[in-house]
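A.B. asks: Quick one: structure below, then a few questions.
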Amino acid sequence: MAKNKEICDNSNDQPIPILQNVVSTVNLGCALDLKTIALKAGNAEYNPKRFAAVIMRIKEPKTTALLFASGKVVCTGAKSMELSKLACKKFARIVQKLGFQVVFKNFKVQNMVASADVTAPVNLSRLSTDHYLFAKYEPELFPGLIYRIENPRITILVFPSGRIVLTGAKFKEEIDRAFGYIFPVLMSYARVKNDQDQVPVIKRIKKK
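The number in our numbering is simply the position in the sequence shown, starting from 1, with 44 added.
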């Protein structure tokens, strides 16, 4: 069985994972009156009985923020680290205009989620058997295989169609390195569509 070694960079002949969501946090440096924000900001909603944060949305970049009374903000939905930081600054500016003494500090990306498609179905049963130290596949509970990489620490969801989701990264480079490792692994367990046998067909795929 192949060891889960440190990841190499992507090669030029493989798909490129696309960022779908960046989750970041920032501290506004002051306590927030959530009721005041909810009443004065037109793009905010607040139901303290359901959730202890104001939910605020902006259209550009299209993101959602959770504003907590402590001044902590969690931003989701951006497609890059730069857009996530821009969104956080816009949320901070909105709060500042409502009269709060905002200080933008400690911006940090907490998670990046990316997706890709290896363009071929993958034999998840064989993959989970051969890579049992890193892979978990329980199709009766979840349709995808869960593959955990140690360096960088990334979790990869692999679906039978060949679609994958990578999560847990703090930097785009970690996504690229993780995909650089998992792509050849998945292709070695790829199958021709509608093929019922359980034999990897990497050689046939390469000839296309």
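Here a beta-carbon is modelled for each residue, glycine too, at the ideal position from N, C-alpha and C. Predicted, not measured: the structure shown is a model, and the values here were computed from it.
Considering just the uninterrupted stretch of the beta strand (DSSP E) at residue 161, what are its terminal residues?
C.D. replies: Along the sequence shown, one-based indexing puts residue 161 at 117. It spans 149-161 - the beta strand (DSSP E) in which residue 161 sits, taken as one unbroken run.
A.B. asks: Return the CA-CA distance between residue 99 and residue 105, expressed in angstroms with no decimal places.
C.D. replies: Along the sequence shown, read from residue 1 onward, the residue named residue 99 stands at position 55. Along the sequence shown, read from residue 1 onward, the residue named residue 105 stands at position 61. Rounded to the nearest angstrom, the two C-alpha atoms are 16 Å apart.
A.B. asks: In the DSSP assignment, find the beta strand (DSSP E) that holds residue 191 and state where it starts and stops.
C.D. replies: The residue labelled residue 191 in the question sits at position 147 within the sequence shown. It spans 189-193 - the beta strand (DSSP E) in which residue 191 sits, taken as one unbroken run.
A.B. asks: With distance defined between alpha-carbon atoms, name the residue in 85, 223, 147, 70 nearest to residue 138.
C.D. replies: Position 94 of the sequence shown, counting from 1, holds the residue named residue 138. Answer by Cα proximity: 85.
A.B. asks: Are the region 70-82 and the region 135-152 in contact at 8 Å, needing three or more beta carbon pairs?
C.D. replies: yes
A.B. asks: Write down the C-beta distance between residue 168 and residue 113 rounded to the nearest angstrom, noting that I regard them as a contact closer than 8 Å.
C.D. replies: Indexing the sequence shown from 1 puts residue 168 at position 124. Indexing the sequence shown from 1 puts residue 113 at position 69. That belief does not hold up - the Cβ atoms of residue 168 and residue 113 are roughly 45 Å apart, past 8 Å.
A.B. asks: Take every Cβ of the region 219-233, pair it with every Cβ of the region 161-180, and state whether three or more of those distances are shorter than 8 Å.
C.D. replies: yes
A.B. asks: Measure the CB-CB distance between residue 89 and residue 96 and report whether it falls below 9 Å.
C.D. replies: For the purposes of this step, residue 89 is taken as the residue at position 45 of the sequence shown. For the purposes of this step, residue 96 is taken as the residue at position 52 of the sequence shown. Contact: no.
A.B. asks: Between the Cα of residue 194 and the Cα atoms of 187, 171, 173, 225, which residue gives the shortest distance?
C.D. replies: Counted from its first residue, the sequence shown places residue 194 at position 150. Out of 187, 171, 173, 225, 225 has the C-alpha closest to the C-alpha of residue 194.
A.B. asks: Could you tell me which residues DSSP pairs with residue 234 in its beta bridges?
C.D. replies: Residue numbering aside, residue 234 sits at position 190 when the sequence shown is read from its first letter. Note: residue 234 sits in a beta bridge opposite 166.
A.B. asks: Tell me, which residues are paired with residue 65 by DSSP?
C.D. replies: Position 21 of the sequence shown holds residue 65. In the DSSP output, where bridge partners are listed per residue, residue 65 has 157.
A.B. asks: For the alpha helix (DSSP H) containing residue 139, name the first residue and the last one.
C.D. replies: Locating residue 139 in the sequence shown gives position 95, where the first residue counts as 1. Here the alpha helix (DSSP H) through residue 139 covers 125-141.
A.B. asks: Label residue 107 either buried or exposed according to how many other C-beta atoms from any shown protein chain fall within 10 Å of its C-beta, with 16 as the threshold for buried.
C.D. replies: Counting from 1 along the sequence shown, the entry for residue 107 is found at position 63. Burial call: buried.
A.B. asks: Could you give the distance in angstroms between the alpha-carbon of residue 213 and the alpha-carbon of residue 63?
C.D. replies: In the sequence shown, counting from the first residue as 1, residue 213 sits at position 169. In the sequence shown, counting from the first residue as 1, residue 63 sits at position 19. Residue 213 and residue 63: Cα-Cα distance of roughly 11 Å.
A.B. asks: Would you tell me roughly how many angstroms separate the C-alpha atoms of residue 218 and residue 92, rounded to the nearest one?
C.D. replies: Your numbering for residue 218 matches position 174 in the sequence shown. Your numbering for residue 92 matches position 48 in the sequence shown. Straight-line Cα distance between these residues: approximately 37 Å.
A.B. asks: Residue 186: buried (16+ other C-beta within 10 angstroms of its C-beta) or exposed?
C.D. replies: On the sequence shown, position 142 is the one that residue 186 refers to. When all chains shown are included, residue 186 counts as exposed.
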